[in-house]
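Colleague: Heads up, the sequence shown is in full-length UniProt numbering, so the first residue is 15 and it goes up one at a time.
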Amino acid sequence: AAVTADSLPTRSTADWRALDAAHSLHPFTDYKALAAEGSRIITRADGCSLWDSEGTEILDGMAGLWCVNVGYGRRELVDAAARQMAELPYYNLFFKTATPPAIELSRRLAEITPHGLDHVFFTNSGSEANDTVIRMVRQYWALEGRPERRVIIGRQNGYHGSTVAAAAMGGMSAMHKQGGPPLPDFHHIREPHHFKYAHDQDPEVFGLEAARWLDEAIQAIGPGRVAAFIAEPVQGAGGLIVPPPGYWAEIQRICVHHDVLLIADEVICGFGRTGQWFGSQTFGIRPDIMTLAKGLSSGYLPIAAVMVGQRVARTLFDKGGEFVHGFTYSGHPTACAVALETISIMDRERLVERVREDVGPYLMERLGTLRDHPLVGEVRGRGLMAGVELIRDRASHAFFSPAGKVGTRCRDHCFNANVIIRAVADTMILSPPLVISRAQIDRLVSALAEALDRTQRDLPDLDLA
Ligand code: PMP
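1. Can you tell me whether Tyr173 sits near the ligand PMP, meaning its C-beta is under 7 Å from at least one heavy atom of the ligand?
2. Find the nearest neighbour of Pro347 within the set Ser415, Thr137, Glu125 and Asp386, judged by alpha-carbon distance.
3. Can you tell me which of the three DSSP states Arg394 falls into?
4. Which one of Ala95, Tyr173 and Glu71 has the shortest CA to CA distance from Arg58?
5. Looking only at its own chain, which residues have a Cβ that is under 7 Å from the Cβ of Val92, when we skip the five neighbours before and after it?
6. Taking the continuous beta strand (DSSP E) assigned at Ser63, which residues delimit it?
7. Tell me where the alpha helix (DSSP H) around Met186 begins and ends.
8. From this set, Gln215, Val165 and Gly185, which residue's C-alpha is nearest Ile235's C-alpha?
9. Quick check: is any heavy atom of the ligand PMP less than 7 Å from the C-beta of Ser176?
10. Is Val281 near the ligand PMP, going by C-beta to nearest heavy atom under 7 Å?
11. Could you pull out every residue in the same chain whose Cβ sits closer than 7 Å to the Cβ of Val228, ignoring the five residues on either side in sequence?
12. Return no unless some Cβ of chain C is closer than 8 Å to the Cβ of Ser311.
13. Just verifying my parser: in three-state terms, what is the DSSP assignment at Tyr86?
14. With 16 other CB atoms within 10 Å as the buried threshold, where does Glu403 fall?
15. Looking at C-alpha atoms only, which residue of Arg121, Glu118 and Val151 is the closest neighbour of Arg239?
16. Would you check whether the ligand PMP has a heavy atom nearer than 7 Å to the C-beta of Ser358?
17. Can you grab the Cα-Cα spacing for the pair Pro115 / His40, in whole Å?
18. Could you check which residue in Leu476, Ala112 and Glu158 has the C-alpha nearest to that of Leu275?
19. If you run the structure through DSSP and keep just helix, strand and coil, what is Ile435?
20. Cβ of Arg31 within 8 Å of Cβ of Ile56?
21. Please state if the CB of Gly260 and the CB of Glu205 are separated by a distance shorter than 8 Å.
22. Quick one: residues in its chain with C-beta nearer than 7 Å to the C-beta of Gln295, no 5 flanking neighbours on either side, listed in chain order?
23. To the nearest angstrom, report how far apart Cys62 and Phe413 are at their CA atoms.
24. For Gly313, report the span of its alpha helix (DSSP H) as first-last.
25. Taking buried to mean at least 16 other C-beta atoms within 10 Å of its own C-beta, is Val270 buried or exposed?
26. Would you call the stretch 421-429 and the stretch 95-102 touching, i.e. three or more CB-CB distances under 8 Å?
27. Rounded to whole angstroms, what is the Cα-Cα separation between Pro257 and Pro247?
28. When the Cα atoms are used, what is the spatial distance from Gly193 to Arg328?
29. Could you tell me the distance, in whole angstroms, from the CA atom of Ala16 to the CA atom of Ala36?
30. Start and end of the alpha helix (DSSP H) containing Asn378?
31. Within 10 Å of its beta-carbon, does Thr383 have 16 or more other beta-carbons around it, so buried, or fewer, so exposed?
32. Between the alpha carbons of Tyr343 and Asp199, how many angstroms are there, rounded?
33. For Cys81, which of Val449, Leu458 and Leu466 has the nearest alpha-carbon?
34. Kindly indicate the opening and closing residues of the beta strand (DSSP E) around Leu404.
35. Contact check, Asn144 vs His174 under 8 Å by CB: the rounded distance?
36. Can you list, in chain order, the residues of its chain with a C-beta nearer than 7 Å to that of Met186? Leave out the 5 residues immediately preceding and following it.
This is the structure:
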């Protein structure tokens, strides 16, 4: 019989697990390992909590995948989607056509993003937004009569998505290794990871030095061949790397000096995560292009956007010629309606101020209490995103080898305690919904403290070098 929303079969957890293992290929997953263990089945959510198929409540310290900023269970978003689906569930922007939700959302995004970013190209995912950027900046330079400016510089451990091109632009070596030779015309500089590269150096001095790696790369490649530099304001999936003071100002200066376009990937940092609407505002960045996703709809529907500044937009408009690019669902009206309502909720509930003035500082203060734990090398963060770096030896500043085992064990302990805290290698990551309460932050931090203790007891079993 057909399965509809009203008649979803209610199965036992064991059945769900077996069917999942039989048919579903999960993203970023080792299939052999997952098949041995089985998935946890998540069935519903409200506020900052998830429930699994056994009825156990789980506190979501990651807002899904850094995206459910306004929290789960928002009736307003359900209603916005239902209204739009009844009125006009779908139409495209290809045939010299436009729809009111896409128009209104474009206008609203132009209003809330920093000055000059007034034009929007919609996509469905952050990866597609960043793919769009690759095409667009190369088209820009071609229209400017400089087609040889094709190289895009990113950073090691930068994450810009999982399509073939976005993965090439990102700096995840594991992704580069899979799937054949690398795409041409991408280059990566080291990320400004003070703790990893220069913990005993003054952060400000290191910030300038790390920014100058960009200058060196541009000189080496030849400024006439470089189209753009792309980076996340705070590097997220690469290990929660907060740029040292002075870094971004120097990056900006170098881009201007070499006439290289500056692209801010705000897929994680956008929509309040760092305590301003956009990470670019928190760090004083003036990007030519900005990509948005995740918080744009709080993850309720897939939608992403490329915000295009005056410089690039003017060339696209003035020179003309078709931009041969787009997606069936670019500007999907239902997703746009949900995004508009998400922004309204953020406004009404002053969630950005809440992060900046209340829960952001509170999270950092509470995490600060873990600094003396023998496993903790550094606690870092901005707004409502934080990383706790675990190391082998605080005195000699030695990392664990191989990396990742300790972080994964600590994450599993959190998960077993019904709290979701993610691990990137040996850095524990928190990025909760912006609506999280102080009491819920207390619960996250005490679960992490407990997990650290357990992890420390497990060290002898972990087969570390
Ligand atoms: N950019 C950044 C900074 C991201 O964190 C992500 C996703 N984690 C992406 C791009 C890709 O977005 P998506 O998964 O929606 O394709």
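The C-beta atom is built at its ideal place from N, Cα and C for all residues, glycine as well. These figures come from a predicted structure and were not determined experimentally.
Modeller: This is what the structure holds:
1. yes
2. Thr137
3. strand
4. Glu71
5. none
6. Ser63 to Asp66
7. Segment: none, Met186 is in no alpha helix (DSSP H) and carries neither H nor E.
8. Val165
9. yes
10. yes
11. In the sequence as displayed, the identity of residue 228 is Leu instead of Val. Only Ile167, Ile203, Phe243, Ile265 and Ile268 meet the Cβ criterion.
12. Absence of chain C from the displayed structure is noted, only one protein chain being present.
13. strand
14. buried
15. Val151
16. no
17. 32 Å
18. Glu158
19. coil
20. no
21. no
22. Pro128
23. 33 Å
24. No alpha helix (DSSP H) holds Gly313; DSSP gives it neither H nor E.
25. exposed
26. no
27. 8 Å
28. 37 Å
29. Because the pLDDT of Ala16 is 45, which lies under 50, any placement of that residue in the model is unreliable, and the number read from its coordinates should be weighed accordingly. If you take the alpha carbons of Ala16 and Ala36, they lie about 20 Å apart.
30. According to the sequence provided, residue 378 is Met. The question's Asn does not apply to it. That run of the alpha helix (DSSP H) goes Gly374 to Gly382.
31. exposed
32. 28 Å
33. Val449
34. Met399 to Leu404
35. 4 Å
36. Asn171 and Tyr173
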